[in-house]
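Data first, discussion second: the structure below is written as structure tokens.
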Amino acid sequence: MKIKIGIFLAFIILLVLPQTAYSSEGQIFKPYINYKTGSYPEAVAIGDVNGDGKNDVVMTTSTSSNSDPVNDYKLFVFIQNSAGGLNPPIKYSVSGVPTSVDICDLNNDGKKDVVVGNKGVNIEVFIQNQSGGLDSGVNYSTTNSQSIKTGDFNNDGLMDVAGIGWGSNSVDILFQKSDGTLGTPITYSVQHGGYDQLEAGDVNNDGLTDLIVMSGQLYADPNIGILYQQSNGFSSPAYSSVGSNILTHGVAIGDINNDKLNDIIVSHGGNQPTSFIGTFNQNSQGTLNPVVNYAAYDCPESVKVADVNSDGKMDVISLNGGWDALSLYLQDGNGGMMPYSRYSLPYASHYNPQGLAIGDINSDGAPDVAIADYNNGLVILYHSIPEALTVSSPATTGFTVGLSPSLSGLVASDFTLKDSASNPVTITGASTSDGGATYAISAALCAGQTYTVTATKSGYDFGLARNVVVPATSTTPGAISGTIMDINGTPLVGANVTVTGSVYSTTTTSDGIYTILNVPVGTGYTVTASKTGYISTNVIGVAVTANTTTSGINFTLTANSTNGGYGGGGSSSTGGTTVTGSVIDGNSTPVSNLTAIVTTDSNRNYTVSMNEAQTVMLKQPNGTMSSLSDLSKVTFATAAGSPITISADGTIKVTNLAKGTDNHLNIRYNLDNGQTITIGTMEIKIDSSGNVNLTTTLIDPYGVIIDAATGKPVAGANVTLYYANTERNNTNGKTPDTVVPLPGIDGFKPNNNINPQISDDSGAYGFMVFPTTDYYIVATKDGYNNYTSPTISVEQDIVKWDFKMNQTTSGVTRLAGSSRVDTALAIAKENYTGKVANVILATADNYPDALAGSVLAYKLNAPILLVGSSEADQEKVLDYMKDNMNQTGTVYILGGTSVVSGAMEGKVTASGFANIARLDGTDRYETSVKIADQLKVKTGTPIVLAYGENYPDALSISSIEAEMQYPILLVQKDGLSDSVKNEIAAIKPTKVFIIGGEGVIGATVESQVAQITSLDNLNIVRIAGADRYETSLAVAQYFNLSGRSVCIATGNNFPDALAGSVYSANHNSPIILSDGRLSDQVMNYLKTRKLTGATLFGGEAVVSKDIEQQLEQLIGK
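Note that the working numbering has the sequence shown beginning at 1, numbered continuously upward.
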């Protein structure tokens, strides 16, 4: 037993090393990514805290000068998912200021638990439970809890906890008891002054865990105190020092000279040339040698030890406070350290000593870096393992790809294959039997041809495409032949026929016959027939044998005007009739084709068979289309819920389809908890003659964030999905205002379904969420006002939620002109700083046709311009359009020629704007229906009913229903028009809002709505006040938009509020209607919104100076 007692005053050996060049990427670690967490991150640790065998990240937060109740004083747990990423954090409340955190098994059940040091209060233990979560914290009182460390401190095989307090000159140890709890603290004296750190490890080579205390208080000397573990406790402290009048910042333990003995590493000093990494190397006698200093970059703080380059030697990592950098010191071959290299970090002026952790957090076998950054949240630097792709065994049926590192879980869509002309070649399968080291790629290739293959995986770069050279065959080639006709049986001349992915092609002769010669022997060919004006189709699985013509590969092409319908002839080589259908987007426009085989059974019913990948087409954020990467979680069911069989090769068979039927299928995605959500639909129509028409919807799950002023995408916004505080969520056990834990979906761009996530360059984000649940979204980005969505209720179908963010503004702004036309133009110029693609024209003289236009204007990112009756007023509008609108855009005119004249429409055309859409009905009610139809809302969308004989109530809700994209339908007092009834029946709303009391919209309307929709009273909501001003306030209070601004317009006329409605929606703000002064009720409501800005629509004649002064006083500007 070695016992060290006394004070060791070390000599200082100074090694000044040249620094290497700054590297923003480096060779060991990839560029950082960060997860914004809010609040004030303090400490971080890495370990498996849910028992799945993969390391997770835990981080603690305290608070900053800006209180953040959702994120302050929390333990964040980032679980590593199956794709190697981190799931959105699960948050646990802690009982103090959590300045340190560690992970170990603290109840001897074989599972890792989390222990938090709450500064000066207690040590709090979160036990991992059987479900892989953490139980609520159990507190153990001790003031020695600023910096904690776990280890076996009494050599009984159980893990214990040690902690030190601020300048307490002692350390407390809480030993684990046999019942899995911690005992009363045992205190040992050791000198330390503040800004301290505790580490643990065997630093005298006796096999027992010792305690090392770094004293970081100003110019503390000695700097390092060591408590050596003995058989009966701990020794009196021994001390070492890096020198007098020197600041120490961090301490770590590890073998950094490759002699199999643990050393002590200390960061110390300020700016160069007095900043160092000091090492106390353990010698063969179990004592520490004098410190050896290595030149460091400015302000080295947190420090850790790990083998980061897989050479079997430990290296040193340190964070440089205030210098946007991580420094890496690789161990050389002579028992020393190489000069440091730097890696870029986001700015933070300092780091907590416990704010750095090293470990493999993406399961690639290499250590990564996790940083608790008070300024930027959780910062991650993943290890940059060299990645490589190789190709072997090319043949006409496919080839083998080798990957380094091994990556399990890849599917066909993770590989890209192209022919020599860069045309895509379909990969029909990708399988691995060795954990992802190699993949067998299945594809129909042509002998003697060269292809290229690449692999894509988030976070990996496999470099340039590799050639796949398919050997030429010595076997005599064969041929493929057939006929191509139209649906009437007329031969098609000059149709193109191609063996997909090859150079083999031909055209049909005058009798519609084709023959493709010299096709190499092979199986699995896809033959495609196409002709201008017709829908292309193909036959798959064509085989070619030596010196033989494969005949009967016949096609029947349908003219484009038939919209995908198909009837009669055209047998494929595999039997049945090939039909071509369409994948349609949200506007019912075909965007791609899909093919199916139709057969009939003995009962003359039809079976439609197709490949699953064709039907599940996903619109990517950049506008391109691809099949969903993971089809294993996709299921199909009839409208009645009966499942559709999918065979092992991915073929869907829909059976027992009769003539004269319209068959609807739901395409559903299985989430991890057994729930499913509908992501698309398919329709198979079979007319009385047996013609088949097949359509499927393009899956477009991504929301897009737009800059409200420029109309451009907002990239880099931090988007977080929360559970909403609703009765349904509370009943189902969803905790309101907590981050929703979502399953990772590899290949689901742009962020693999992580929560929170960052919008991509297209402004896109995407969450695949659980059904029958209510959510809301919070988006933040520097320079923009924070955005919080209204409650987003998801039933069985995905919800696409686009929204706008506006740049930070403050104070009171008045947007006004000399007339209502000029005020509308002033609002448009303030609202849209760039060119607009669309505008909406409404009459300046009356309100009815324009009241419903705000929803459309928001959707189109278009200003509402008011058209006056005078030439001068009309020229002002035309001048704005010429200066600010793209001529290829669309001009939407609300109402007939009696409100916006045909002469004005002619002037618009003469000004170079050819695309004009006039939305008008026989009356104001039908016009509101026409505008609602233009929105193309999904079935189930809530709607708003407003009184059509006056304007205030419709204007009060105009900005809110615009942002939420709820159609507004105008109604009479005592009943619904037929057009409105039909529209409500078509939309099938899940909720109806009636704006105004029974004095303007009577009970009869409410009864008719209930009869049409079958909604109960809870889902038919009337919002009203005693007059137009109180109704305006009631609407604002009910929906309570989250923006930090408000818009004010007069309640005595319509034009200003109408023109300003889309401005208000863009700013996530309500419109409050006013008279001469804001009422006490309105002012009390505005006080609750913590306003930073307000906008007044119109001059002082309509929105008084008194109101402006009220708002200035409220905002303080």
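Heads up, the beta-carbon is just placed ideally off N, CA and C, and yes, glycines get one too.
Please state if the CB of Y514 and the CB of S536 are separated by a distance shorter than 8 Å.
Taking the first residue of the sequence shown as position 1, residue 536 is located at position 536. Taking the first residue of the sequence shown as position 1, residue 514 is located at position 514. Not closer than 8 Å, so no.
Count the other CB atoms within 10 Å of the CB of S854; is the residue buried (16 or more) or exposed (fewer)?
Walking along the sequence shown from the start, residue 854 turns up at place 854. Around the beta carbon of S854, 16 or more other beta carbons sit within 10 angstroms, so the residue counts as buried.
Only counting the same chain, and skipping five residues up and downstream in sequence, which positions put a Cβ closer than 6 Å to that of E961?
Translated into positions along the sequence shown, residue 961 becomes position 961. For E961, where only same-chain residues beyond five positions count, the Cβ hits under 6 Å are V855, V944, I968.
Check whether the Cβ atoms of I1020 and V1009 lie closer than 8 Å to each other.
Along the sequence shown, read from residue 1 onward, the residue named residue 1020 stands at position 1020. Along the sequence shown, read from residue 1 onward, the residue named residue 1009 stands at position 1009. Contact: yes.
Could you tell me the boundaries of the alpha helix (DSSP H) in which D978 lies?
Translated into positions along the sequence shown, residue 978 becomes position 978. Counting along the chain, the alpha helix (DSSP H) containing D978 begins and ends at 978-987.
Exposed or buried, what is Q449 when buried is set at 16 or more other beta-carbons lying within 10 Å of its beta-carbon?
For the purposes of this step, residue 449 is taken as residue 449 along the sequence shown, with counting starting at 1. Classification of Q449: buried, given that the 10 Å Cβ count is 16 or more.
State the DSSP-derived secondary structure class of S1074, mapped to helix, strand or coil.
Counted from its first residue, the sequence shown places residue 1074 at position 1074. Strand.
T681 vs L665 beta-carbon contact at 8 Å:
Numbered from 1 along the sequence shown, position 681 holds the residue referred to as residue 681. Numbered from 1 along the sequence shown, position 665 holds the residue referred to as residue 665. With a cutoff of 8 Å on beta-carbon distance, T681 and L665 are scored as near each other.
Excluding the five sequence neighbours on either side, which residues of its own chain have a C-beta within less than 6 Å of the C-beta of Q1122, listed in chain order?
Given that the chain is displayed from residue 1 to residue 1117, the structure contains no residue 1122 and the question cannot be resolved.
Span of the alpha helix (DSSP H) holding S819?
By 1-based counting over the sequence shown, the position of residue 819 is 819. In the DSSP assignment, S819 falls outside any alpha helix (DSSP H), carrying neither H nor E.
Evaluate contact between the region 896-907 and the region 1091-1101, counting only Cβ atoms and requiring at least three cross-stretch pairs below 8 Å.
Cβ pair count under 8 Å is below three, so no.
Cα separation between Y566 and T483?
Stepping through the sequence shown from its first residue, residue 566 is reached at position 566. Stepping through the sequence shown from its first residue, residue 483 is reached at position 483. Legend: pLDDT at Y566 = 36, less than 50; position of this residue unreliable, no value from coordinates given.
Residue from N831, N334, S284 whose Cα sits closest to the Cα of C1047:
Numbered from 1 along the sequence shown, position 1047 holds the residue referred to as residue 1047. C1047 has its Cα closest to that of N831, out of N831, N334, S284.
Secondary structure at Q882, three-state DSSP: helix, strand or coil?
Locating residue 882 in the sequence shown gives position 882, counting from the first residue. Looking at the sequence itself, residue 882 is Lys, so the reference to Gln does not match. Three-state DSSP puts K882 in a helix.
Just checking, does the region 803-819 make contact with the region 733-742 on the three C-beta pairs under 8 Å criterion?
No, the region 803-819 is not in contact with the region 733-742.
Count the other CB atoms within 10 Å of the CB of S145; is the residue buried (16 or more) or exposed (fewer)?
Here residue 145 corresponds to residue number 145 of the sequence shown, with the count starting at 1. Counting C-beta atoms within 10 angstroms of its own C-beta, S145 has 16 or more neighbours from the protein chains shown and is therefore classed as buried.
Per DSSP, what kind of secondary structure is E795 in: helix, strand or coil?
The residue given as residue 795 occupies position 795 in the sequence shown. Of the three classes helix, strand and coil, the one that applies to E795 here is coil, per DSSP.
Cβ neighbours of V138 in the same chain (closer than 6 Å, five flanking residues each side left out):
Reading the sequence shown from its first residue, position 138 is the one you call residue 138. Within the same chain, V138 has close Cβ partners V125.
Tell me which residue opens and which closes the beta strand (DSSP E) that V213 is part of.
Position 213 of the sequence shown, counted from the start, is the residue given in the question as residue 213. 210-214 is the extent of the beta strand (DSSP E) around V213.
Residue of Q614, T607, P743, D601 minimising C-alpha distance to T595
Sequence index remark: in the sequence shown, residue 595 carries index 595 (1-based). Per the C-alpha coordinates, the member of Q614, T607, P743, D601 positioned closest to T595 is Q614.
Do A932 and I995 come within 8 Å of each other at the CB atom, strictly closer than that value?
In the sequence shown, the residue the question calls residue 995 occupies position 995. In the sequence shown, the residue the question calls residue 932 occupies position 932. Not a contact, by the Cβ cut-off of 8 Å.
Measuring CB atoms only, is the region 79-91 touching the region 55-63, in the sense that at least three cross pairs come out at less than 8 Å?
Between the region 79-91 and the region 55-63 there are three or more inter-stretch CB-CB distances shorter than 8 Å, so the stretches are counted as touching.
In chain order, what residues of the same chain have a beta carbon less than 7 Å from the beta carbon of S349, not counting five sequence neighbours either side?
Within the sequence shown, residue 349 is the residue found at index 349, counting from 1. Same-chain partners within the cutoff: G321, G322.
Rounding to the nearest angstrom, what Cα-Cα distance links I186 and S141 in this structure?
For the purposes of this step, residue 186 is taken as residue 186 along the sequence shown, with counting starting at 1. For the purposes of this step, residue 141 is taken as residue 141 along the sequence shown, with counting starting at 1. When rounded, the separation of the alpha-carbon atoms in I186 and S141 is 12 Å.
Going by beta carbon distance, what residues of the same chain come within less than 8 Å of P1191, once the five residues before and after it are set aside?
Because the chain here runs from 1 to 1117, residue 1191 falls outside it and cannot be looked at.
Can you round the beta-carbon distance between G811 and G1093 to whole angstroms, since I take them to be within the 8 Å contact cut?
To locate residue 811, count along the sequence shown from 1; it is residue 811. To locate residue 1093, count along the sequence shown from 1; it is residue 1093. Confirmed, about 6 Å.
CA-to-CA distance, N1066 to A1059, given in whole angstroms:
Position 1059 of the sequence shown, counted from the first residue, corresponds to residue 1059. Position 1066 of the sequence shown, counted from the first residue, corresponds to residue 1066. If I take the Cα positions, the gap works out to 13 Å.
Would you mind sorting V425 into buried or exposed? The rule is 16 or more other CB atoms within 10 Å of its CB.
Position 425 of the sequence shown, counting from 1, holds the residue named residue 425. Around the beta carbon of V425, 16 or more other beta carbons lie within 10 angstroms, which makes this residue buried.
Inter-residue Cα distance where the pair is G335 and I265
The residue you call residue 335 lines up with position 335 of the sequence shown. The residue you call residue 265 lines up with position 265 of the sequence shown. Their Cα atoms are separated by approximately 14 Å.
Here's the rule: buried if 16 or more other CB atoms are within 10 angstroms of the residue's CB, otherwise exposed. What is P222?
As a first step, residue 222 must be located in the sequence shown, where it is residue number 222. It is buried - the Cβ of P222 has at least 16 other Cβ atoms within 10 Å.
Secondary structure at A440, three-state DSSP: helix, strand or coil?
Taking the first residue of the sequence shown as 1, we reach residue 440 at position 440. The answer is strand: DSSP assigns A440 an E or B state.
What does the alpha-carbon distance come out to for the pair A437 and D109?
The residue labelled residue 437 in the question sits at position 437 within the sequence shown. The residue labelled residue 109 in the question sits at position 109 within the sequence shown. In this structure, the straight-line span from the alpha carbon of A437 to that of D109 is close to 35 Å.
Entirely enclosed alpha helix (DSSP H) segments - the region 991-1051, minimum 4 residues
The region 991-1051 is shown to contain whole alpha helix (DSSP H) runs of 4 or more residues at 1003-1013, 1028-1039, in chain order.
So what's R728 in DSSP terms, helix, strand or just coil?
Here residue 728 refers to the residue found at position 728 of the sequence shown. DSSP places R728 in helix when its eight states are reduced to three.
Okay, do the region 254-272 and the region 298-310 touch, 3+ Cβ pairs below 8 Å being the bar?
The region 254-272 is in contact with the region 298-310.
With a threshold of 16 other CB atoms inside 10 Å of the CB of Y294, please say whether the residue is buried or exposed.
In the sequence shown, the residue the question calls residue 294 occupies position 294. Around the beta carbon of Y294, 16 or more other beta carbons lie within 10 angstroms, which makes this residue buried.
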